[in-house]
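Here the structure comes first, spelled out in structure tokens, and everything after it is commentary.
Residue numbers (the working numbering): 438 to 584.
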């Protein structure tokens, strides 16, 4: 996490805000954010292997043609096909245009006349705080989360 707000600003915001979430069936409120008083070493974690994260790693581009793709125009491709022992791993999955992926089928890229534009790699581990998203749109959280 980045230190972007002073402790004084955080305390003032907490006092002003009061509570952020209320429940209809009771008077319970929870604060918009918690302010830790003791800090430890922040654990690191690698992003989860998923189609969305492969697409983000590859910049929404087909890794064979370089064409920019809309999310529904692309699909995951196993560089070494599963039928030949290829694994579901960061190093064996790339984002490819659906038509290119179908043309490649269960062949290696060079057998299909294709060439990878970049070598697929696993992303580096990042502080776990970098993986937190503001799914509920709480404005105060934006001070502490990367966009």
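Built from N, CA and C at the ideal position, the CB exists for glycine as well. Model, not experiment: these values are computed from the prediction.
Applying the criterion that 16 or more other CB atoms from any shown protein chain within 10 Å of the CB defines a buried residue, is residue i buried or exposed?
i: residue 495; result: buried
i: residue 541; result: buried
i: residue 498; result: buried
i: residue 579; result: exposed
Sort the options by Cα distance to residue i and report the nearest one.
i: residue 478; options: 563, 503, 526; result: 563
i: residue 548; options: 578, 574, 516, 572; result: 516
i: residue 507; options: 489, 522, 524, 520; result: 489
i: residue 512; options: 493, 533, 500, 522; result: 533
i: residue 492; options: 514, 481, 483; result: 514
i: residue 550; options: 571, 573, 538; result: 538
Kindly list the residues whose CB is nearer than 8 Å to the CB of residue i, restricted to its own chain and excluding five residues on each side of it in sequence; keep chain order.
i: residue 486; result: 525, 526, 527, 530
i: residue 552; result: 501, 546
Considering residue i, what are the terminal residues of the beta strand (DSSP E) in which it resides?
i: residue 531; result: 530-534
i: residue 515; result: 511-515
Specify, as a first and last residue, the run of the alpha helix (DSSP H) that residue i falls within.
i: residue 490; result: 488-494
Say yes only if the C-beta of residue i is nearer than 7 Å to one or more non-hydrogen atoms of the ligand PLP, and no if none qualify.
i: residue 564; result: Absence of the ligand PLP from the depicted structure is noted, as is the absence of any ligand whatsoever, leaving it without description.
Can you give the beta carbon distance from residue i to residue j, rounded, assuming they're within the 8 Å contact cut?
i: residue 568; j: residue 484; result: 6 Å
i: residue 501; j: residue 554; result: 7 Å
Please list, in chain order, all residues of the same chain as residue i whose beta carbon is under 7 Å from its beta carbon, the five residues on each side excluded.
i: residue 520; result: 543
i: residue 535; result: 510, 511, 512
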